[in-house]
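Have a look at the structure below, then the notes.
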Amino acid sequence: MDAGPTNPSLTNDLHTQPMEIQMGPSHPSTHGTVKITLKLDGERILDSEVEVGYLHRGFEKECESGEWYQAIPYTDRLNYASPMINNVGYCLAAEKLFGVEAPPRAQYLRTIASELSRMADHFTCIGASALELAALTPFLYCVQAREQIYDLHESLCGARVTTNYVRIGGLQSDLQPGFAELCREKVAAALTLFGDVDELLTKNPIFRERMEGTGTLPADALIAYGVTGPLLRAAGVGFDVRRAEPYLVYDRLDFEVPVGSRGDNYDRYLVRFEELRQSARIIEQALRDLPDGPVDLDDPRFRWPAKGKVFNRMEELIDQFKLVTEGMRPPAGEVYQAVEGANGELGFYLVSNGTGKPWKCRCRAPSFSNTQALRDMIQGALLADVVPTFDMVNMIGGECDR
Amino acid sequence: MSDGEQAPSAAPAAEPAVLARLRVRFPDAIVGTHAYRGDATAEITPAALLDVCTFLRDDPGLRFDFLADVTAVDYLGSMPRFELVYHLRSIVQGHRVRVKTRVSEESPRVASVTSVWRGANWLERETYDMYGIVFEGHPDLRRIYLYEEFQGYPLRKDYPKEKRQPLVTVRDVAPEQGERTVAREQQRYGRWPD
Numbered sequence: 005m006d007a008g009p010t011n012p013s014l015t016n017d018l019h020t021q022p023m024e025i026q027m028g029p030s031h032p033s034t035h036g037t038v039k040i041t042l043k044l045d046g047e048r049i050l051d052s053e054v055e056v057g058y059l060h061r062g063f064e065k066e067c068e069s070g071e072w073y074q075a076i077p078y079t080d081r082l083n084y085a086s087p088m089i090n091n092v093g094y095c096l097a098a099e100k101l102f103g104v105e106a107p108p109r110a111q112y113l114r115t116i117a118s119e120l121s122r123m124a125d126h127f128t129c130i131g132a133s134a135l136e137l138a139a140l141t142p143f144l145y146c147v148q149a150r151e152q153i154y155d156l157h158e159s160l161c162g163a164r165v166t167t168n169y170v171r172i173g174g175l176q177s178d179l180q181p182g183f184a185e186l187c188r189e190k191v192a193a194a195l196t197l198f199g200d201v202d203e204l205l206t207k208n209p210i211f212r213e214r215m216e217g218t219g220t221l222p223a224d225a226l227i228a229y230g231v232t233g234p235l236l237r238a239a240g241v242g243f244d245v246r247r248a249e250p251y252l253v254y255d256r257l258d259f260e261v262p263v264g265s266r267g268d269n270y271d272r273y274l275v276r277f278e279e280l281r282q283s284a285r286i287i288e289q290a291l292r293d294l295p296d297g298p299v300d301l302d303d304p305r306f307r308w309p310a311k312g313k314v315f316n317r318m319e320e321l322i323d324q325f326k327l328v329t330e331g332m333r334p335p336a337g338e339v340y341q342a343v344e345g346a347n348g349e350l351g352f353y354l355v356s357n358g359t360g361k362p363w364k365c366r367c368r369a370p371s372f373s374n375t376q377a378l379r380d381m382i383q384g385a386l387l388a389d390v391v392p393t394f395d396m397v398n399m400i401g402g403e404c405d406r
Numbered sequence: 088m089s090d091g092e093q094a095p096s097a098a099p100a101a102e103p104a105v106l107a108r109l110r111v112r113f114p115d116a117i118v119g120t121h122a123y124r125g126d127a128t129a130e131i132t133p134a135a136l137l138d139v140c141t142f143l144r145d146d147p148g149l150r151f152d153f154l155a156d157v158t159a160v161d162y163l164g165s166m167p168r169f170e171l172v173y174h175l176r177s178i179v180q181g182h183r184v185r186v187k188t189r190v191s192e193e194s195p196r197v198a199s200v201t202s203v204w205r206g207a208n209w210l211e212r213e214t215y216d217m218y219g220i221v222f223e224g225h226p227d228l229r230r231i232y233l234y235e236e237f238q239g240y241p242l243r244k245d246y247p248k249e250k251r252q253p254l255v256t257v258r259d260v261a262p263e264q265g266e267r268t269v270a271r272e273q274q275r276y277g278r279w280p281d
């Protein structure tokens, strides 16, 4: 039998049907519970659909049924990788609505807490990405580094993940003695661990091959989708809320906003990498400049008095009683306050009708808009590119689904 | 925070430049403006929404290229009942504006802005899911967080927080063996985007 090149069954293209596969909701690389339905031609992605909502818990409805300060613990559960930033964002929005401002010491401590959370978030993101690209060791180092940050969370507020640290008009508590030394020591330890991750990953050819040139989307498409944060900065747009619309004390601190040029996954990794170092710089400067003074606003309409006074004095006891039972009374109105979350612009839109409960408490979650762009990022790519792209989008289910 | 405790009011003297420009371009569409706590806000008629949004994005002096958020507020008891809220920012020029428009309970319909900003797609789906507001011209308007059988719209003020939903029964499967899998998947996971 002649089975040479003239045989049509060998020269014709192999005929295949597009195949549909479900990735998630509990695929090992879809941490945060999301489902991607892929339509594949071989390994090439013809089309995809991203479905979110598996972690929807009715954040807004819960906030509307409680008093203003009772929403703060719910904000921890939005982006649970960087809970402090959510606390800060909500309290800044509420303070803008109330027309009050926390004392300078509280502003500095909030800045430190935000940057610690940003570091924890980037450690999680980079560690999980490495893990899903089959590099287990950097993941362990990153988790170890994140533990250092969680030790600092614990020193600040007693909790490691669900912090509930910031209050409207102040903070839950002032610093423990020796926090500054502990903070310098732990941040240095985390960066040392992270230096090992750098050596293992940044120039690793296997890692780079998976990351370089994948998941690319031009800057104008990202902006049209409402993508912000490291994803947008990796594409060359230097939009960072800390720099563009400074809040807290960011305008008094010296830091850089790293931007990439190609907008691929590798640039996103490098941008997060550099942001970690900048966060450490910010923390060091904030510790150096940290002023003395109270952390709480001295105004019984918004912040209840210290416990020592409440238990020993009549007026303060009444103040606390009134504040807990009736709640704070902001003027009627609406505000929007944006902060730079670990994944982009985190905004809170609050509407008050003058009563003790929020009429509307909306969270503009960066993960939600970022995940929306995932479909375009993986269009026409290989199946294997979904994993690093999804990792670098860093969708956090609690924040995306609220 | 310099605006103090004053309630929203139209203040032509200290009006932000964005609002002044809108007022000149769309004198009939503007229902009211305010800058409470420094947030420039324009309330417009629903019919003019698409024109205003296109103008805001394309005008060389404004260039609102970034749609931060779309949501709604339920003012139960007042007429019209729902207010749609759009938060915009210009990445290039660095200013923000909030655009609002009111729609009634009887006809909660408004034009979709997905043709202006692609990112409006999921945000409008979420608003539809939570408030039942129909965005006309949206390419794929269906629930995003909740499931198809969910009854009611949970963020409306007349939806009780403790309300329970009926259990979902088994969905029908197409009888033909060949189309069975596809039909089941489509029913369970929704249809493909076109």
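Protein chains in written order, with this note's numbering: chain A, 5 to 406; chain B, 88 to 281. Built from N, CA and C at the ideal position, the CB exists for glycine as well.
Inter-residue Cα distance where the pair is residue i and residue j
i                 : j                 : result
GLN383 of chain A : TYR270 of chain A : 18 Å
GLU192 of chain B : GLY239 of chain B : 14 Å
GLU287 of chain B : ILE25 of chain A  : Past the boundaries of the shown model lies residue 287 of chain B; chain B is included only from 88 to 281, so the question cannot be answered.
ASP227 of chain B : LYS43 of chain A  : 18 Å
ALA290 of chain A : VAL299 of chain A : 15 Å
THR120 of chain B : VAL339 of chain A : 14 Å
GLU249 of chain A : GLU403 of chain A : 22 Å
ILE49 of chain A  : ALA239 of chain A : 23 Å
LYS250 of chain B : GLU344 of chain A : 36 Å
ASP258 of chain A : GLU151 of chain A : 27 Å
THR201 of chain B : HIS174 of chain B : 14 Å
ARG81 of chain A  : GLU213 of chain A : 35 Å
GLY217 of chain A : PRO22 of chain A  : 25 Å
LEU143 of chain B : ALA149 of chain A : 45 Å
GLY131 of chain A : VAL147 of chain A : 7 Å
ASP255 of chain A : GLU119 of chain A : 14 Å
HIS126 of chain A : GLU158 of chain A : 19 Å
MET103 of chain A : THR141 of chain B : Reading the sequence as shown, one finds Gly at residue 103 of chain A and not Met. When rounded, the distance between both Cα atoms is 34 Å.
GLY182 of chain A : VAL165 of chain A : 21 Å
Buried versus exposed, by CB contacts within 10 Å (16 or more), residue i
i                 : result
ASP145 of chain B : exposed
GLN252 of chain B : exposed
PHE315 of chain A : exposed
ARG292 of chain A : exposed
SER133 of chain A : buried
ILE210 of chain A : exposed
PHE143 of chain A : buried
ILE322 of chain A : exposed
GLN180 of chain B : exposed
TYR328 of chain A : Per the sequence presented here, residue 328 of chain A reads as Val, with Tyr not at that position. By the neighbour-count rule (16 or more Cβ atoms within 10 Å), VAL328 of chain A is not buried but exposed.
GLU47 of chain A  : exposed
Proximity of residue i and residue j at Cβ, strictly below 8 Å
i                 : j                 : result
GLU167 of chain B : ARG185 of chain B : With the sequence shown as reference, residue 167 of chain B is identified as Pro, and Glu is not the correct amino acid for it. No, these two residues do not count as a Cβ contact at 8 Å.
ALA116 of chain B : ILE131 of chain B : yes
GLU349 of chain A : PRO370 of chain A : yes
SER121 of chain A : ILE89 of chain A  : yes
ALA284 of chain A : LEU221 of chain A : no
ASN374 of chain A : VAL397 of chain A : yes
CYS161 of chain A : SER177 of chain A : yes
CYS95 of chain A  : VAL170 of chain A : yes
ARG150 of chain B : LYS100 of chain A : no
Rounded distance between the beta-carbons of residue j and residue i, thought under 8 Å
i                 : j                 : result
VAL241 of chain A : ALA225 of chain A : Contact doesn't hold; Cβ gap of about 11 Å is too wide.
ILE400 of chain A : ALA110 of chain A : ILE400 of chain A to ALA110 of chain A, Cβ: 26 Å. No contact.
PHE237 of chain B : VAL197 of chain B : That pair is no contact at about 22 Å.
GLY206 of chain B : GLY230 of chain A : 3 Å
LEU254 of chain B : MET217 of chain B : Not really, about 22 Å apart at Cβ, beyond 8 Å.
VAL160 of chain B : LYS364 of chain A : 5 Å
PRO234 of chain A : VAL275 of chain A : 5 Å
ILE40 of chain A  : GLY28 of chain A  : 6 Å
PRO107 of chain A : GLY312 of chain A : So it is not a contact: roughly 18 Å between Cβ atoms.
MET215 of chain A : ASP268 of chain A : 7 Å
Chain A residues whose Cβ lies nearer than 7 Å to that of residue i
i                 : result
GLY181 of chain B : ALA248
Proximal chain B residues relative to residue i, where beta-carbon distance stays under 8 Å
i                 : result
GLU320 of chain A : Per Cβ cutoff of 8 Å: no residues; GLU320 of chain A is ~26 Å from chain B at best.
SER69 of chain A  : LYS248
TYR353 of chain A : ASP156, THR158, VAL172, HIS174
Chain-ordered chain B contacts of residue i [CB-CB under 9 Å]
i                 : result
SER373 of chain A : LEU154, ALA155, ASP156, GLY206, TRP209, LEU210
PHE198 of chain A : Per Cβ cutoff of 9 Å: no residues; PHE198 of chain A is ~30 Å from chain B at best.
ALA184 of chain A : Chain B residues near ALA184 of chain A: none, gap ~30 Å exceeds 9 Å.
Where residue i meets chain B, residues with beta-carbon distance less than 7 Å
i                 : result
LYS364 of chain A : VAL160
GLU349 of chain A : ALA155
TYR229 of chain A : ARG205, GLY206
ALA340 of chain A : Reading the sequence as shown, one finds Tyr at residue 340 of chain A and not Ala. The contacting residues are ASP126, HIS174, ARG185.
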